[in-house]
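Residue numbers (the working numbering): 335 to 734. A quick write-up on the structure given underneath.
Take a look at the structure:
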């Protein structure tokens with residue numbers, strides 16, 4: 335009987351290997367993983383040299399790992415088991431009901447802060463000598479503004495200390511530094527800003543974005559000689575929301591869409607006075623070949639025939655450079671350069687409403703490009719930084 339059971343076990347094991355080997359071979363290879371946001375390994379070319387040096391087997395192992403039959407199903411089963419067994423971190427995320435929190439970082443990158451401070455000082459000196467207004471809006475990152483319910487044994491993050499260290503070292507003259515989170519605390523007095531952020535994504539929602547924009551507009555009204563419009567008026571906007579789509583947050587994406595995102599609100603505040611259809615919009619360079627309607631740049635989720643949409647589709651992609659010409663402001667003729675990360679994307683139409691030319695420039699997508707040459711090319715009157723203050727990152731301040 336024992337011999338029979340051993341034989342049966344061997345047959346089942348061989349059958350398992352044969353079945354999944356055949357199905358993996360028959361299933362077309364995938365080029366990318368949308369969930370992991372990366373290219374998947376492809377079948378390596380069989381060459382004598384790579385066989386001898388071990389490279390072929392290493393690449394083949396990666397290929398099988400990435401292209402294994404029903405790979406995503408196996409991974410989801412593993413994640414479900416981790417959730418069921420109440421693991422503290424799953425893929426470096428802590429899940430608490432409908433909320434997802436990333437694992438906090440516990441060390442301050444002093445080298446990155448020194449690099450950023452040095453380059454900001456140089457840019458501030460350049461802006462002052464060229465009579466360019468310079469504003470730095472430190473946008474409140476989700477990690478600092480909501481009460482993340484980690485277990486007690488998890489080491490606390492140092493994001494607030496990182497932010498405070500960086501801002502304290504910026505120049506004291508010319509540049510205008512605004513910590514939007516501090517303004518929120520003075521106005522609202524909250525200890526928890528959950529209503530301002532998505533549950534399953536690291537960005538703020540439109541409520542948070544507009545609360546920040548109120549600070550931005552009021553600051554420009556009070557301190558900028560180039561800003562000709564008044565203070566923020568909430569009655570200037572009409573709210574609309576996407577009710578027929580699901581939100582596909584980046585945290586949920588990396589957790590294989592296993593979390594309920596039905597309570598996520600995807601909304602817009604539409605200006606009653608902006609003539610967006612008349613705006614002249616250029617994506618990645620100001621030439622006619624790059625001209626697009628504003629509706630194809632912002633809020634594309636409204637017209638997409640798909641059930642789930644991402645933050646970039648609800649608001650906008652991180653374009654290398656995006657130029658908006660607003661004919662209604664031609665008389666003023668003010669040109670503003672917005673250096674941004676993805677937190678600024680919901681605010682693209684709101685800032686552009688107030689200036690003749692608004693350029694959104696993402697340093698991350700312009701490697702090796704000299705920012706000073708770009709500024710001189712378009713002769714800007716004002717520079718706005720709209721950076722989230724989650725952590726000081728070198729590449730956001732690499733201006734040359």
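For every residue, glycine included, the Cβ atom is placed at its ideal position computed from N, Cα and C.
- Linking residue 587 to residue 439 through their CA atoms gives a straight-line distance of about 21 Å.
- For the set 482, 430, 473, 659, the Cα lying nearest the Cα of residue 515 is the one of 473.
- With three or more CB-CB distances shorter than 8 Å, the segment 516-528 counts as touching the segment 478-494.
- With respect to the 9 Å criterion, residue 717 and residue 670 are classified as neighbours on the basis of their beta carbons.
- Nearest in C-alpha terms to residue 733, of all of 620, 460, 389, is 460.
- The beta carbon of residue 531 sits closer than 8 Å to those of 476, 479, 480, 537, 538, 539, 542, all from its chain and outside the five residues before and after it, given in chain order.
- For residue 716, the enclosing beta strand (DSSP E) covers residues 716-722.
- In the three-state DSSP reduction, residue 396 falls in the helix class (H, G or I).
- If you look at residue 604, you'll find it isn't in any alpha helix (DSSP H); it sits in the beta strand (DSSP E) that goes 601-605.
- Scanning 463, 450, 388, 375 for the CA closest to the CA of residue 723 turns up 450.
- Within the DSSP bridge table, the entry for residue 625 names 616 as partners.
- In the three-state DSSP reduction, residue 456 falls in the helix class (H, G or I).
- For residue 436, there is no enclosing alpha helix (DSSP H); the enclosing beta strand (DSSP E) covers residues 433-436.
- In the structure shown, residue 518 adopts helical secondary structure according to DSSP, grouped into three states.
- With respect to the 9 Å criterion, residue 591 and residue 642 are classified as neighbours on the basis of their beta carbons.
- DSSP, read as helix, strand or coil, puts residue 707 in helix.
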